[in-house]
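Undergrad:
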Amino acid sequence: MAVGAEIAGRAEKLILLDNDVRRDLFPGLRFGVLEAFDGDTPMTELENRLERFETLTAECELIARLATDSTKREFYLKLSEQYRQLAADMRQAIASKAAA
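The opening residue of the sequence shown carries number 715 in this note's numbering; numbering runs sequentially from there.
#1: Which residues bound the alpha helix (DSSP H) around Ala801?
#2: Quick check on this structure: which residue in Ala801, Ala812, Ala807 has the alpha carbon closest to the alpha carbon of Ala772?
#3: Short of 7 Å in beta carbon distance, which residues of its chain neighbour Met804, apart from the five on each side in sequence? Order them along the chain.
#4: Go ahead and label Ser794 buried or exposed: buried means 16 or more other beta carbons lie within 10 angstroms of its beta carbon, across all protein chains shown.
#5: Does Ala813 pass the burial test, meaning 16 or more other C-beta atoms within 10 Å, or should it be called exposed?
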């Protein structure tokens, strides 16, 4: 598979010259976040996601505190709120799974 990079202005754009969708571009990498939650999701996976969302919340809050630009500060504060909500939703999913 040939891969090329094109620079348009200041943004880089990755162009896959031979785009064969049957090939696994990232072997061994699972996109677990894209999977829907169902009754078969193991508790450890839910707990791992909760831990990840809590970590991302803390990291975004730290970046917001250290940001000197008010636009970036506001962006990371909003992003931390999104991760905080995802963590709350994950806690609720864990609680409902444990109650079942």
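Idealized CB from N, CA, C, for every residue including glycine.
Computed from a prediction, not measured in an experiment: that's the story for all the values here.
TA: The answer reads as follows:
#1: For the purposes of this step, residue 801 is taken as residue 87 along the sequence shown, with counting starting at 1. If you look at Ala801, you'll find it in the alpha helix (DSSP H) that goes 784 to 813.
#2: The residue labelled residue 772 in the question sits at position 58 within the sequence shown. Across the set Ala801, Ala812, Ala807, the C-alpha of Ala801 shows the shortest separation from the C-alpha of Ala772.
#3: Locating residue 804 in the sequence shown gives position 90, where the first residue counts as 1. Counting only Cβ-Cβ distances below 7 Å, and skipping sequence neighbours, we find Leu760, Arg763, Leu764, Phe767.
#4: As a first step, residue 794 must be located in the sequence shown, where it is residue number 80. Classification for Ser794: buried.
#5: On the sequence shown, position 99 is the one that residue 813 refers to. Around the beta carbon of Ala813, fewer than 16 other beta carbons lie within 10 angstroms, which makes this residue exposed.
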